[in-house]
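J.:
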Amino acid sequence: MRVTQLGVLVSGRGSNLRAIAEGIEAGTVPARIAVVVGNKHNVPAMEYAGRHGLKTVFLDPKSVTSSTDPRRAYDRKLLRVLNEHRVELVILAGYMRIVSSALIEAYASRMMNIHPSLLPSFPGLDAQQQALDHGAKISGCTVHFVTEGVDEGPIILQQAVPVHEGDTAETLSERILNEEHQLLPQAIRLFAEGRLRVTGRTVRIDGEGA
Ligand code: GAR
2 MRVTQLGVLV SGRGSNLRAI AEGIEAGTVP ARIAVVVGNK HNVPAMEYAG RHGLKTVFLD
62 PKSVTSSTDP RRAYDRKLLR VLNEHRVELV ILAGYMRIVS SALIEAYASR MMNIHPSLLP
122 SFPGLDAQQQ ALDHGAKISG CTVHFVTEGV DEGPIILQQA VPVHEGDTAE TLSERILNEE
182 HQLLPQAIRL FAEGRLRVTG RTVRIDGEGA
């Protein structure tokens with residue numbers, strides 16, 4: 002079977018990166034991690050990738066601060082790395098930088114983000130705390146294609162989880178994270194199998210529904 006080349010972008014803990022790597026290893030995700038790119042040095046995600054023999058590239062945001070448009074300059078560098086590694090699908094796996102149009106246009110409908118809420122509720126930072134502050138009874142996670150607006154692109158998959166009385170941001174995050182680890186590999190599998198069709202904001206999954 003053809004294997005999809007992934008570029009995984011990370012900033013921190015790397016548990017979603019691990020879930021992807023484990024899905025590939027278990028044979029449930031027909032993909033290969035061609036490169037892991039981080040915007041932070043020595044974070045657990047980069048250490049995990051290094052330990053598991055994955056190619057890692059650290060791109061220092063400070064290297065572009067003298068540019069007139071640092072975000073674009075950074076993403077142009079990033080794009081070069083992704084091209085060098087023949088990346089077909091980009092995964093934002095806990096990547097905490099806003100991506101610019103340079104990257105979004107090059108990877109239109111080929112870049113996915115995982116977010117810890119049921120979008121369009123609670124975009125941006127601290128989504129789990131936002132759900133608690135709002136008194137939501139249900140939250141969850143969303144995998145979506147990346148477009149210009151933050152956490153706004155066409156939704157691929159979602160999974161709901163209950164919010165329990167007495168939940169803290171930590172307990173809710175953990176319940177959501179367990180589902181993220183199922184959802185993201187599943188979305189990558191659907192992409193790799195060529196089953197995702199994007200029309201406007203809607204993503205249809207071939208072989209599901211009417
Ligand atoms: C995950 O909960 C992910 O959904 C979230 O950061 C965490 C990263 O964990 N992403 C965002 O909030 C993006 N807006 P990980 O590094 O262990 O995969």
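For the sequence shown, the working numbering begins at 2 and goes up steadily by one. Here a beta-carbon is modelled for each residue, glycine too, at the ideal position from N, C-alpha and C. Just so it is clear, the structure is predicted and the values come from calculations on it, not from any experiment.
1) If you count every other CB in all the chains shown that lies within 10 Å of the CB of D70, and 16 or more means buried, which is it?
2) Looking only at its chain, what residues have a beta carbon closer than 7 Å to the beta carbon of T203, apart from the 5 residues adjacent to it on each side?
3) Could you check which residue in M113, Q183, S102 has the C-alpha nearest to that of G141?
4) If you draw a straight line from the alpha carbon of E89 to that of R3, how long is it in whole angstroms?
5) Ordered along the chain, which non-local residues of its own chain (more than five positions away) have a Cβ less than 6 Å from that of Q131?
6) Which of the three DSSP states, helix, strand or coil, is assigned to R81?
7) Could you give the distance in angstroms between the alpha-carbon of M47 and the alpha-carbon of A32?
8) How would you label T169, buried or exposed, when you count the other beta carbons within 10 angstroms and need 16 or more for buried?
9) Look up R33 in the DSSP assignment and say whether it is helix, strand or coil.
10) Any heavy atom of ligand 1 closer than 7 Å to the CB of R1?
11) Taking only beta-carbon atoms, is G13 less than 8 Å away from chain C?
12) Drop a sphere of 10 angstroms on the beta-carbon of E181, count the other beta-carbons inside from all chains shown, and report buried for 16 or more, exposed for fewer.
13) Does at least one heavy atom of ligand 1 sit under 7 Å from the Cβ of V11?
14) Hey, would you say the C-beta of P121 is under 7 Å away from at least one heavy atom of ligand 1?
15) Note down the Cα distance separating R14 from T200, rounded to an integer number of angstroms.
16) When you compare each of E209, A188, R198, D207 to T29 by their alpha carbons, which one comes out closest?
17) Within this structure, are the beta carbons of L1 and L173 separated by less than 8 Å?
18) Please report the residue range of the alpha helix (DSSP H) in which P45 lies.
19) Measuring alpha carbon to alpha carbon, tell me which of Y96, S102, T57, L55 ends up nearest R73.
20) Output the distance between the C-alpha atoms of G54 and A20, rounded to the nearest integer angstrom.
21) Taking its Cβ as the centre, do 16 or more other Cβ atoms sit within 10 Å of T66, making it buried, or is it exposed?
22) Please list the terminal residues of the continuous alpha helix (DSSP H) segment that includes L158.
T.: So, to answer that:
1) Counting Cβ neighbours within 10 Å, D70 comes out exposed, since fewer than 16 surround it.
2) Within the same chain, T203 has close Cβ partners P155.
3) Per the Cα distances, Q183.
4) E89 and R3: Cα-Cα distance of roughly 12 Å.
5) Within the same chain, Q131 has close Cβ partners F123.
6) Helix at R81.
7) Rounded to the nearest angstrom, the two C-alpha atoms are 19 Å apart.
8) Of the residues assessed, T169 falls on the exposed side of the cut-off, its CB having fewer than 16 other CB atoms within 10 angstroms.
9) Per DSSP, reduced to three states, the secondary structure at R33 is strand.
10) One cannot answer for residue 1 here, as it falls past the ends of the chain, which runs 2 to 211.
11) Included in the structure is just one protein chain, with no chain C present.
12) Buried, since its Cβ has 16 or more Cβ neighbours within 10 Å.
13) Closer than 7 Å to some heavy atom of ligand 1: that describes the Cβ of V11.
14) No.
15) Spanning the two alpha carbons is a distance of roughly 33 Å.
16) Answer by Cα proximity: A188.
17) The displayed coordinates of the chain run from 2 to 211. Any statement about residue 1 would go beyond what the structure contains.
18) Counting along the chain, the alpha helix (DSSP H) containing P45 begins and ends at 45-52.
19) Closest option to R73, Cα to Cα, is S102.
20) In a straight line, the C-alpha of G54 is about 16 Å away from that of A20.
21) So T66 counts as exposed.
22) Boundaries around L158 are those of the beta strand (DSSP E), 156-163, since no alpha helix (DSSP H) includes it.
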